[in-house]
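Enquirer: Residue numbers (the working numbering): 3 to 403. Heads up, the beta-carbon is just placed ideally off N, CA and C, and yes, glycines get one too.
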């Protein structure tokens, strides 16, 4: 559920001015990377005939401008292409993201200040709540604008977006006993679990060059920081601590399961909605129709509905299966402070490594980052840290005796 700073950018496809200049070309333009498509691209090569190079334009569309021809663009093209819907996606590795920009100190400061407020400094609950609301809502609002222009608005029904919005709402609504204990636990467990844990398979990078790039990281990582402060600094959640099973049950049945049911229902109904909604991409489309143009995706959903249904169910089921590991980590984090710190560090270090790879690939286009299996392997690496931490905390491994 759930997310440009802006060094000057030139599009990988022509903007309005260049389209008029190249109207005679007949080469189809390239399909623009979406957030999910770009994550898959960073994880490994796309299937043959698909991916970023897939055609999404009708015959007669202008030819794409390769990134290497950037210097040949006419003067003033920056301003035109900056406004183009087809401008390069912020998480597509490219040398332009290495240029000095106000974005790096701005978003770097936001990241460091949020970490300091949650873990080091001692603001009041009200002050931290106000700060997080301002920065969180601001980044979400920008992402609404950014995704609406690129026709990715249905990504906002994903779990990370939904949880982020519910977390901010709960910080204001759930004071003085106005929310049930089960709801408080559910928000904590999902924010700490599936939302933060998604950074492993997605290989979410910590990047600072663009608001969309930073929001992708902040959306997944920051909820666990706020939950840490609420749980361990102000002790606003439950005492005595519920059992491990009760914590997982609260997160799954109170929040995750209702979301998954509504999400699945929408995906199954979407093909029968008006074209303006039915052809828009969702998170699961990145797996079912990788690299497909909107028209091809819509045809696949409507004409191939019988095969589309089991694929959707399988994708949502796999999402739930991967989330179980994160539910367990979140429940242990609620019960044990040391596990909480270890879990936060695993997520943060993983995002920093992915961010370093992103900028290295931007500077070295021939570099091939690790594939999707590495993202799944990072889950095992995290548990190789969490499990010993839990065993030491419980006294099963008398490390300090």
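Going by beta-carbon coordinates alone, are residue 387 and residue 348 separated by less than 7 Å?
Expert: As a position in the chain shown, residue 387 is number 385, starting the count at 1. As a position in the chain shown, residue 348 is number 346, starting the count at 1. In contact: residue 387 and residue 348 (Cβ atoms closer than 7 Å).
Enquirer: Between the Cα of residue 380 and the Cα atoms of 297, 232, 181 and 206, which residue gives the shortest distance?
Expert: Numbered from 1 along the chain shown, position 378 holds the residue referred to as residue 380. For the residues 297, 232, 181 and 206, the minimum Cα distance to residue 380 belongs to 206.
Enquirer: So, at 7 Å on beta carbons, what are the nonlocal neighbours of residue 133 in its own chain, with the 5 sequence-adjacent residues on each side left out?
Expert: Stepping through the chain shown from its first residue, residue 133 is reached at position 131. Cβ within range, chain order: 119.
Enquirer: Give every residue of the same chain whose Cβ lies closer than 7 Å to the Cβ of residue 392, excluding the five residues on either side of it in the sequence, and list them in chain order.
Expert: Numbered from 1 along the chain shown, position 390 holds the residue referred to as residue 392. Same-chain partners within the cutoff: 334, 338 and 341.
Enquirer: With respect to the alpha helix (DSSP H) encompassing residue 183, which residues constitute its N-terminal and C-terminal limits?
Expert: Within the chain shown, the letter at position 181 stands for residue 183. 183-192 is the span of the alpha helix (DSSP H), which, as asked, contains residue 183.
Enquirer: From residue 243 to residue 234, what distance separates their C-alpha atoms?
Expert: Position 241 of the chain shown, counted from the start, is the residue given in the question as residue 243. Position 232 of the chain shown, counted from the start, is the residue given in the question as residue 234. Distance between the alpha carbons of residue 243 and residue 234 is about 12 Å.
Enquirer: Count the C-beta pairs between the stretch 268-286 and the stretch 151-159 that are closer than 8 Å, then say yes if the count reaches three, no if not.
Expert: A contact exists between the stretch 268-286 and the stretch 151-159.
Enquirer: According to the neighbour-count rule (16 or more other Cβ atoms, all chains shown, within 10 Å of its Cβ), is residue 163 buried or exposed?
Expert: Mapped onto the chain shown, residue 163 falls at position 161. Buried: at least 16 other Cβ atoms inside 10 Å.
Enquirer: Do you know how far the Cα of residue 104 is from the Cα of residue 210?
Expert: For the purposes of this step, residue 210 is identified with residue 208 of the chain shown, where counting begins at 1. For the purposes of this step, residue 104 is identified with residue 102 of the chain shown, where counting begins at 1. If you take the alpha carbons of residue 210 and residue 104, they lie about 10 Å apart.
Enquirer: Please report the straight-line C-alpha distance between residue 276 and residue 218, rounded to a whole angstrom.
Expert: Residue mapping note: residue 276 aligns to position 274 of the chain shown, counting from 1. Residue mapping note: residue 218 aligns to position 216 of the chain shown, counting from 1. Approximately 29 Å between the Cα atoms of the pair.
Enquirer: Three Cβ pairs or more, each shorter than 8 Å: is that satisfied between the stretch 289-305 and the stretch 170-177?
Expert: No: the two stretches stay apart, fewer than three of their Cβ pairs being nearer than 8 Å.
Enquirer: In terms of residue numbering, what span does the alpha helix (DSSP H) encompassing residue 176 cover?
Expert: As a first step, residue 176 is located in the chain shown; it is residue number 174 there, counting from the start. Per DSSP, residue 176 belongs to no alpha helix (DSSP H) and is neither H nor E.
Enquirer: Return the CA-CA distance between residue 293 and residue 283, expressed in angstroms with no decimal places.
Expert: Counting from one through the chain shown, the residue named residue 293 turns up at place 291. Counting from one through the chain shown, the residue named residue 283 turns up at place 281. Near 11 Å, if we compare the C-alpha coordinates of residue 283 and residue 293.
Enquirer: Pick helix, strand or coil for residue 388, following the three-state DSSP scheme.
Expert: As a working mapping, residue 388 is identified with position 386 in the chain shown. Of the three classes helix, strand and coil, the one that applies to residue 388 here is helix, per DSSP.
Enquirer: For residue 328, which residues in the same chain have their Cβ closer than 6 Å to its Cβ, ignoring the five residues on either side in sequence?
Expert: Translated into positions along the chain shown, residue 328 becomes position 326. Correct list, in chain order: 195, 196 and 199.
Enquirer: Report the CB separation of residue 236 from residue 117 in whole angstroms; it is logged as a contact under 8 Å.
Expert: For the purposes of this step, residue 236 is taken as the residue at position 234 of the chain shown. For the purposes of this step, residue 117 is taken as the residue at position 115 of the chain shown. Between residue 117 and residue 236 the Cβ distance is about 17 Å, and since that is not below 8 Å, they are no contact.
Enquirer: Kindly provide the ranges of any beta strand (DSSP E) runs that are 3 or more residues long and lie completely inside the stretch 222-292, ordered along the chain.
Expert: As far as the stretch 222-292 is concerned, it has no whole beta strand (DSSP E) run of at least 3 residues.
Enquirer: Rounded to the nearest angstrom, how far is the Cβ of residue 332 from that of residue 191, given a contact under 8 Å?
Expert: Taking the chain shown and counting its residues from 1, the one referred to as residue 332 is at position 330. Taking the chain shown and counting its residues from 1, the one referred to as residue 191 is at position 189. Between residue 191 and residue 332 the Cβ distance is about 5 Å, and since that is below 8 Å, they are a contact.
Enquirer: On the criterion of 16 or more Cβ atoms from any shown chain inside 10 Å, does residue 229 qualify as buried, or is it exposed?
Expert: Reading the chain shown from its first residue, position 227 is the one you call residue 229. So residue 229 ends up on the buried side.
Enquirer: Going straight from the alpha carbon of residue 399 to that of residue 389, what length do you get?
Expert: Taking the first residue of the chain shown as position 1, residue 399 is located at position 397. Taking the first residue of the chain shown as position 1, residue 389 is located at position 387. Roughly 11 Å separates the two Cα atoms.
Enquirer: CA-CA distance, residue 143 and residue 319?
Expert: Here the question's residue 143 lines up with position 141 in the chain shown. Here the question's residue 319 lines up with position 317 in the chain shown. Taking the straight line joining both Cα atoms gives about 30 Å.
Enquirer: Looking at the secondary structure, which residues open and close the alpha helix (DSSP H) in which residue 102 lies?
Expert: If you number the chain shown from 1, residue 102 lands on position 100. Looking at the DSSP string, residue 102 is not in any alpha helix (DSSP H), and its letter there is neither H nor E.
Enquirer: Could you say which of 248, 278 and 102 lies nearest to residue 183 if we only look at CA atoms?
Expert: Here residue 183 refers to the residue found at position 181 of the chain shown. Taking only the C-alpha atoms, the option nearest residue 183 is 248.
Enquirer: With C-beta atoms as the reference, is residue 92 less than 7 Å away from residue 193?
Expert: Residue numbering aside, residue 92 sits at position 90 when the chain shown is read from its first letter. Residue numbering aside, residue 193 sits at position 191 when the chain shown is read from its first letter. No, they are not a contact pair.
Enquirer: What separation, rounded to the nearest whole angstrom, lies between the Cα atoms of residue 395 and residue 260?
Expert: Numbered from 1 along the chain shown, position 393 holds the residue referred to as residue 395. Numbered from 1 along the chain shown, position 258 holds the residue referred to as residue 260. For residue 395 and residue 260, the distance between alpha carbons rounds to 34 Å.
Enquirer: Considering only C-alpha positions, which residue in the set 151, 136 and 383 is nearest to residue 167?
Expert: In the chain shown, counting from the first residue as 1, residue 167 sits at position 165. Checking every option, the nearest Cα to that of residue 167 belongs to 136.
Enquirer: What separation, rounded to the nearest whole angstrom, lies between the Cα atoms of residue 384 and residue 204?
Expert: For this step, residue 384 is matched to residue 382 along the chain shown. For this step, residue 204 is matched to residue 202 along the chain shown. Each residue's Cα considered, the two are about 15 Å apart.
Enquirer: Does residue 65 come out as helix, strand or coil in the three-state DSSP assignment?
Expert: Locating residue 65 in the chain shown gives position 63, where the first residue counts as 1. With a pLDDT of only 37 at residue 65, under the threshold of 50, the placement of this residue in the model should not be trusted, and no figure is reported.
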